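Numbering (the numbering used here), first residue to last: 3 to 365.
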């Protein structure tokens, strides 16, 4: 065929075919529950005011209904990280600050603890063949060292791995024996089933606190609202530690508007999460990448390829990710060959992931 060979050369364009796909932040790829214009006007009303106790009581009531727990043992904070800061800075005795976890795990929780003088150790999850061995070793170390805190993020960030509840229940008993507070960080808790969550166990375990947030599964990262579910023994201490007028009145109002429809929203997202995560994992496997053991229920995963700077490679393909090195303070085995990704939430970006990784394979 006699084709114009000039067209084989790169052509200038005002529109780049490589738009950025953001898989870096752990926000909800499916958005947030809708809020009507009339509701938005009500939210903005009295924006110059602080909240009253009735606002907080309404939020507590709705969260209690949403989780199926008593509203008496809820404490609201500025996101789940705000809850961790409250625990680190105010709740525990400041003369002894030691924490034990399983790495890799949520880095900011660990770094905040270290910044206020805490000493942190983590068991390397990659060094164990199964959860039974991992938690057995953790329990032995807890009884031996009796740390102030034991911190477990479930689902795990960055792997998206879900720990079995039987191990967490056993951990509750061990922490009670050791005199250690157990923090279960369920920032991604909306991607758990009710049976997998530990929120209802706080009523029965005096040393247990569970952290939740509106930022992930409920898609409301911008309102910076989280909460602690704690045992009746711990709740008075946690509530006394919260700074006055935390959180804001608009955050309370927005949460109260979305909670009545939250269960339907979350159920729909859980189904979509499994479908898109399977598809994303298939794409990466097809193109020769490894995925650290994860759960299909969660929207995050840790991708690995030996000899490849994963974050830089993805950046060149205009795919944003969270660098593996970010997690090194919780597990030294995580290096530049790893990257944490959040799944995409639409077919267009899914197709683009496949196209771009194929381009990398060819290159």
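Heads up, the beta-carbon is just placed ideally off N, CA and C, and yes, glycines get one too.
Everything numeric in this text was worked out from a predicted model, so none of it was measured.
So residue i and residue j are supposed to be a Cβ contact under 8 Å. How far apart are they, rounded?
| i | j | result |
| --- | --- | --- |
| residue 26 | residue 322 | 4 Å |
| residue 275 | residue 301 | 5 Å |
| residue 253 | residue 225 | 4 Å |
| residue 230 | residue 341 | About 31 Å; that fails the 8 Å criterion. |
| residue 151 | residue 182 | 6 Å |
| residue 65 | residue 83 | Actually they do not touch by this definition, with Cβ atoms about 18 Å apart. |
| residue 227 | residue 78 | 7 Å |
| residue 80 | residue 249 | 6 Å |
| residue 255 | residue 45 | 5 Å |
Any idea if residue i is buried or exposed, counting beta-carbon neighbours within 10 angstroms, 16 or more meaning buried?
| i | result |
| --- | --- |
| residue 122 | buried |
| residue 4 | exposed |
| residue 290 | exposed |
| residue 326 | buried |
| residue 59 | exposed |
| residue 269 | exposed |
| residue 49 | exposed |
| residue 207 | buried |
| residue 107 | buried |
| residue 309 | exposed |
| residue 199 | buried |
| residue 324 | buried |
| residue 155 | buried |
| residue 353 | exposed |
| residue 201 | buried |
| residue 314 | exposed |
| residue 237 | buried |
| residue 120 | buried |
| residue 39 | exposed |
| residue 117 | exposed |
Looking at residue j and residue i, is the spacing between their C-beta atoms short of 9 Å?
| i | j | result |
| --- | --- | --- |
| residue 333 | residue 128 | yes |
| residue 158 | residue 94 | no |
| residue 163 | residue 62 | no |
| residue 358 | residue 319 | yes |
| residue 278 | residue 347 | yes |
| residue 147 | residue 102 | yes |
| residue 143 | residue 170 | no |
| residue 232 | residue 204 | yes |
| residue 355 | residue 160 | no |
| residue 362 | residue 339 | no |
| residue 173 | residue 52 | no |
| residue 193 | residue 271 | yes |
| residue 23 | residue 311 | no |
| residue 28 | residue 153 | no |
| residue 195 | residue 299 | yes |
| residue 234 | residue 74 | yes |
| residue 179 | residue 145 | yes |
Does at least one heavy atom of the ligand ZN sit under 8 Å from the Cβ of residue i?
| i | result |
| --- | --- |
| residue 97 | Among the components modelled here there is no ligand, and therefore nothing to report on the ligand ZN. |
Between residue i and chain C, is there a C-beta pair that is closer than 9 Å?
| i | result |
| --- | --- |
| residue 65 | In summary, chain C is missing from the structure at hand, where a single protein chain is found. |
In chain order, what are the residue ranges of uninterrupted alpha helix (DSSP H) at least 4 long that sit wholly in the stretch 18-49? 39-46
Pairs of beta-carbons, one from the stretch 106-116 and one from the stretch 76-94, closer than 8 Å: are there three or more? yes
Does the stretch 217-236 touch the stretch 30-38, meaning 3 or more C-beta pairs lie closer than 8 Å? yes
I'd like the ranges of any beta strand (DSSP E) spanning at least 3 consecutive residues and lying wholly in the stretch 152-205. 183-187
In chain order, which continuous runs of the beta strand (DSSP E) of length 3 or greater are located wholly inside the stretch 78-105? 100-105
Please give the ranges of any alpha helix (DSSP H) in the stretch 252-339, keeping only runs that are unbroken, at least 4 residues long and fully inside the region. 264-288 and 312-318
Is it a yes or a no for the stretch 173-191 touching the stretch 206-213, going by three-plus beta-carbon pairs under 8 Å? yes
For the structure I just gave you, are there three or more beta carbon pairs, one from the stretch 69-86 and one from the stretch 166-175, closer than 8 Å? no
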